[in-house]
Structure formats: structure tokens, C-alpha cells
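Engineer: Just add 20 to wherever you are in the sequence shown, counting from 1, and you've got our numbering.
From the three backbone atoms N, C-alpha and C, an ideal C-beta is built for every residue, glycine too.
A quick note: this is a predicted structure, and the numbers were derived from the prediction, not measured.
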Amino acid sequence: MDVLQDVPTSLLHTLSQPSPSTCRGERIDFKALGFSEHENAFAILIHDLLTPEECDEIRTAAELVAHGQWDAALINAGGRMVVASHVRLCDRIMWDNAKIADALLARIRPHIPSDIATLKDSPHITSDDPVWSDGTWRIVRLNERLRFLRYQPGMYFRQHSDGFYVTPDESEVSFLTVHLYLRGSSDLRGGATRFFGEDEPGHINTYDVDPSPGACLVFQHHDLVHSGEDVLQGTKYTMRTDVMYRRDG
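1. Would you kindly check if the distance between the Cβ of E77 and the Cβ of L65 is under 7 Å?
2. Mind checking G234: buried by the 16 CB within 10 Å criterion, or exposed?
3. So is I224 buried or exposed if we call it buried at 16+ other beta carbons inside 10 Å?
4. Going by DSSP in three states, R203 sits in which element: helix, strand or coil?
5. Would you mind working out which of S205, F215, L139, L124 sits nearest R260, comparing C-alpha positions?
6. Check A137 in the structure and name its three-state DSSP category.
7. State the start and end residues of the unbroken beta strand (DSSP E) segment that holds A63.
8. Quick check on M264: buried or exposed, where buried means 16 or more other Cβ atoms within 10 Å of its Cβ?
9. Tell me the DSSP secondary structure of L166 in three-state form.
10. Keeping to the same chain, check which residues put their C-beta closer than 6 Å to that of S30; ignore five residues upstream and five downstream.
11. Mark G210 as exposed unless 16 or more other C-beta atoms lie within 10 angstroms of its C-beta, in which case mark it buried.
12. Is V238 helix, strand or coil by DSSP?
13. For M21 and A86, what's the separation of their Cα atoms in angstroms?
14. Please determine, among F62, D149, G254, the residue with the shortest C-alpha to C-alpha distance to D207.
15. Put T146 into one of helix, strand or coil per three-state DSSP.
16. Nearest to A81 by alpha carbon, out of H67, M114, C110?
17. Straight-line CA distance for F177 to G222?
18. In angstroms, rounded to a whole number, what distance separates the CA positions of T187 and T146?
19. According to DSSP, A92 sits in a beta bridge with which residue or residues?
20. Run the CB neighbour count on P133, radius 10 Å, all protein chains shown included, and call it buried at 16 or more, exposed below.
21. Note down the Cα distance separating P174 from L252, rounded to an integer number of angstroms.
22. Does the Cβ of L35 have 16 or more other Cβ atoms within 10 Å, making it buried, or fewer, making it exposed?
23. Output the boundary residues of the alpha helix (DSSP H) element that contains V85.
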């Protein structure tokens with residue numbers, strides 16, 4: 021369900037506070053992991069970006085504005101949004117809210133390295149298409165379209181890479197994915213975000229990021245194949261959005 025509604029004052033106040041003192045960023049070193057074709061790829065796991073209570077508050081707010089209705093998540097197939105349960109099986113609420121997006125970026129941004137916050141001559145992230153690789157790009161905001169996802173036992177999102185989102189006026193483009201792990205059920209098993217890469221032809225390496233409540237995974241769209249692994253038990257909740265960039269000049 022798509023919902024558009026102002027953010028509850030209490031939630032905005034909560035998110036305007038600093039992250040917990042235990043918050044820290046951990047860069048994922050794909051070269052050390054043997055991902056030879058992706059050794060320069062960018063991904064960072066920000067531990068404890070939100071408290072467990074903040075996770076619950078933001079999810080509850082999304083469910084409230086959606087009147088508790090979760091719809092089947094769609095995929096883009098040839099320019100059309102369709103249900104394709106063999107690829108993606110989970111539930112979704114979409115909430116357009118720039119205020120929450122801005123509050124989350126204020127917490128995330130200190131953990132983004134300067135060479136990622138400003139992209140220049142970075143084809144491993146922008147791709148080598150001159151439409152995107154030319155010039156200097158700077159982070160301006162998070163996409164206000166917040167996608168809340170619910171995975172119950174047997175649900176998943178098979179291997180894929182995320183596509184760039186371009187605003188209708190073509191002034192901004194997304195280069196990074198944001199996955200915020202919310203608090204699921206206490207008996208949650210499975211549901212890792214799994215990255216895939218080759219260290220030699222025909223040999224695939226994988227690296228799993230567990231859905232720890234309050235953690236935030238930020239990684240490049242371009243050419244970084246990943247999956248949402250099957251939930252084996254319990255319920256997993258996440259929120260996904262994008263980091264938007266604008267080109268200088």
C-alpha cells in the first residue's frame with residue numbers, strides 16, 4: 021500500500037536525537053573477502069543506528085498510516101511493476117515521508133566516507149556510462165519513498181542488483197541502497213542479506229549480513245549482487261530507501 025501522511029511529532033522528535041553511543045560504522049572489505057571482481061565495491065554496516073524501541077516506533081507509525089495493510093511486494097519487469105513470487109516473496113508498505121528520510125540521513129551521513137559522499141571518477145559506483153560517470157555528484161537527501169518490508173517464514177528476495185532511481189526532472193539519481201533492519205520477532209532465524217561475488221571464474225563467494233535490529237546497511241546499487249535469504253522462523257522487518265545524488269553545475 022502506498023501512503024502519504026505527515027510524520028507523528030513524537031517519532032520526529034525521537035529520530036532527531038543522536039544515535040546510541042554504541043553506534044559505529046564497519047566498512048565491508050570485499051577484497052579481503054575474496055570478491056576479486058568487486059574489490060572496490062562500497063558497503064558499510066552501521067551498527068546501532070537506531071535503538072530497538074526506535075525500530076518499533078517507526079514500524080508502528082508506518083503500519084498506522086497504512087491502516088495495518090501490507091501488500092505483496094512487486095518487482096520491475098520490463099518497465100511494469102508485477103508480482104513475481106518466484107523472485108520476490110514478501111509484504112510491503114510504502115510511505116512517502118521526507119521528514120523521516122531527512123532525520124535518518126542526519127544519523128547515517130557521518131558514517132559515509134568523503135569519497136562516497138562526493139563521487140568523482142567513480143565508475144565502480146556510477147557505472148562507466150557517461151550519462152552517470154561524468155562530473156561530480158554529491159549526496160543531497162534520502163529518497164522520501166520509504167519501503168517497509170515484512171518477511172515471514174518461507175519468504176525471500178532472490179539474487180538481484182538494485183537499479184538507479186532517477187527523479188522525473190532528471191536532476192537527481194540514486195547510487196546507494198539503504199537497508200534499515202527493524203526489530204522482528206525474538207525467534208527470528210534466517211533472513212540475512214547475502215552478497216555474491218567471484219574470486220575466480222566459476223567459484224562464487226558469499227558474505228552474509230544478519231538482520232540485527234537497529235543496524236543499517238548502505239551499499240552501492242551498481243553491479244553488487246545480493247539477496248534476502250529465506251526466513252526460516254519468526255518475522256523479519258526492514259525499511260529500504262535510496263541515497264540520492266545531484267551533479268554539480
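Structural biologist: By the coordinates alone:
1. No. Outside cutoff.
2. With a threshold of 16 other beta carbon atoms within 10 Å, G234 meets it and is buried.
3. An exposed status is given to I224, since fewer than 16 other beta-carbon atoms sit within 10 Å of its beta-carbon.
4. In the three-state scheme derived from DSSP, where H, G and I count as helix and E and B as strand, R203 is classed as coil.
5. Of the candidates S205, F215, L139, L124, the one whose C-alpha sits nearest the C-alpha of R260 is L124.
6. If DSSP states are grouped into helix, strand and coil, A137 belongs with the helices.
7. Segment 63-67, the beta strand (DSSP E) holding A63.
8. Buried.
9. Of the three classes helix, strand and coil, the one that applies to L166 here is strand, per DSSP.
10. Within the same chain, and ignoring the five residues on either side of S30 in sequence, no residue has its Cβ closer than 6 Å to its Cβ.
11. G210 comes out buried.
12. It is a strand residue.
13. Confidence at M21 is low in this model, with a pLDDT of 47, below 50, so the placement of that residue is unreliable and no value is reported for it.
14. Between D207 and the set F62, D149, G254, the nearest pair of CA atoms involves G254.
15. Reduced to three states, the DSSP call for T146 is helix.
16. Of the candidates H67, M114, C110, M114 places its Cα closest to the Cα of A81.
17. The straight-line gap separating the alpha-carbon atoms of F177 and G222 is approximately 23 Å.
18. Using only the alpha carbons, I get a separation of about 16 Å.
19. Residue pairing from DSSP places A92 in a beta bridge opposite D111.
20. The residue is exposed, with fewer than 16 neighbouring Cβ atoms inside 10 Å.
21. Correcting the residue identity first, residue 174 is Gly in this sequence and not Pro. Straight across, the Cα-Cα distance linking G174 with L252 is about 6 Å.
22. By the neighbour-count rule (16 or more Cβ atoms within 10 Å), L35 is buried.
23. Its alpha helix (DSSP H) spans residues 72-85.
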